[in-house]
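Residue numbers (my numbering): -3 to 437. Glycine included, each C-beta is placed from N, C-alpha and C at the ideal position.
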């Protein structure tokens, strides 16, 4: 199934008017764009959009929108239309949902006179019929989401008349031609005329962004600061890539303060950039602007920040103490970090097909299973959470407060040393796995 019918006219499953919701800004993105991009990510390539009249503002909203990569055919409510003869996904314009929520519905099969209704809970009895008429729809707590699958021919008469998705569904249910499909994954809600509706939708989007954040510290501490900031940023012209660059500039300042002799300020700016580092991804996911290019911009920005740190700590330490330890450990750290950069970027491009460092451990564990690792490497894998920026950044702040440059420099060498062992073992195991695969072929 690669075709969807977006109903932006008439009334929805609860009798709500659908003509105005497509223009609503939800998470900094017009609802009509959000719905189309979501459906595209679920596999839809062509759209038929039902609007109130030919001058619908939705046409202007979608004009020249690069993220909408699908063919769109416009139909006007009350006009005679001929929809596709294959099953289509049918979405009402006020539905906020994610691709996972649509996946089960899109996969279902229907006959030519049948509709599949996505519901958020499924009981044995989901309609109540009295004297041959539907008295109550979705009995026993099952609630219609506002997404359906049916042949377009079942909708044609409704479009010609004043469309009511509730009446259309009830009619088919009364004939025994409706079945329910339970929403198992994902989230959903419908926009309403309530003034708080948009705020509730944004709360829903950000709550799911927080759930997707990896790491306990990132999810339970850093996100409590970054998400309120991201809530403001989604209503600005700043793109996720612009936000990544700005965060990188803040991160570079950490090295500057280390160099001029203020290790605590340097550590504070590293921690600040670490907390804010969630903002670009949060904005990208809420505004549906994720891209591989954005992943690389974020990753490069992060690594420039850490390079500033790796250079700034030993330079500042040497300027103040003239200690040869600063030169020795600083040189070791820089060499290991440069190896880390070269290997990580090569690995992400060749094996992970991603620009995000988050993809590194997931991909390496898939290519080289843990049971094939050395005992030392298995131990290091257990220490991975301690190698994340969200963990070591506050550790460096504590070290800067308690012990100054020597502690920060020593901890950096320890962490980079463990990362070096990890990556050298990765490289060796990957080469062996490749050699085995070649010998088999």
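C-alpha gap between residue i and residue j, whole angstroms
i	j	result
residue 228	residue 273	15 angstroms
residue 433	residue 378	28 angstroms
residue 175	residue 186	21 angstroms
residue 207	residue 221	15 angstroms
residue 275	residue 354	16 angstroms
residue 217	residue 290	24 angstroms
residue 107	residue 236	44 angstroms
residue 111	residue 348	40 angstroms
residue 52	residue 356	46 angstroms
residue 315	residue 306	15 angstroms
residue 375	residue 191	53 angstroms
residue 131	residue 116	Here the model assigns residue 131 a pLDDT of 47, short of 50, so the residue's position is not dependable, and the following value carries that caveat. Approximately 20 angstroms between the Cα atoms of the pair.
residue 129	residue 167	Low local confidence applies: a pLDDT of 45 at residue 129 is under 50, so the model's placement there is unreliable, with the coordinate-based value given in what follows. If you take the alpha carbons of residue 129 and residue 167, they lie about 8 angstroms apart.
residue -3	residue 367	41 angstroms
residue 425	residue 418	11 angstroms
Within 9 angstroms, strictly: CB atoms of residue i and residue j
i	j	result
residue 21	residue 2	no
residue 19	residue 54	yes
residue 319	residue 313	yes
residue 48	residue 148	no
residue 295	residue 363	no
residue 57	residue 45	no
residue 179	residue 145	no
residue 421	residue 370	yes
residue 384	residue 162	no
residue 396	residue 404	yes
residue 252	residue 259	no
residue 334	residue 282	no
residue 278	residue 350	no
residue 142	residue 90	yes
Bounding residues of the beta strand (DSSP E) (the contiguous stretch that carries residue i)
i	result
residue 142	140 to 147
residue 1	-1 to 3
residue 68	67 to 72
residue 260	Note, residue 260: premise wrong, no beta strand (DSSP E); alpha helix (DSSP H) at 259 to 282.
Residue closest to residue i, alpha-carbon to alpha-carbon, out of the options
i	options	result
residue 37	48, 397, 63	63
residue 169	385, 140, 84	140
residue 113	165, 72, 95, 151	165
residue 14	39, 25, 70, 87	87
residue 84	341, 259, 43	43
residue 388	71, 411, 373, 431	411
residue 223	194, 263, 280	280
Terminal residues of the alpha helix (DSSP H) in which residue i lies
i	result
residue 220	219 to 229
residue 389	385 to 398
residue 83	It is not in any alpha helix (DSSP H) - residue 83 instead sits in the beta strand (DSSP E) that spans 83 to 88.
Neighbour flag for residue i against chain D, beta carbons, 9 angstroms
i	result
residue 417	Reference to chain D is not applicable here, since this structure consists of a single protein chain.
Inset, instruction - Kindly confirm or deny that the region 240 to 252 and the region 265 to 280 touch, where touching means at least three C-beta pairs closer than 8 angstroms. - result: yes
Inset, instruction - Would you be able to state if there are at least three C-beta pairs under 8 angstroms between the region 387 to 395 and the region 254 to 268? - result: yes
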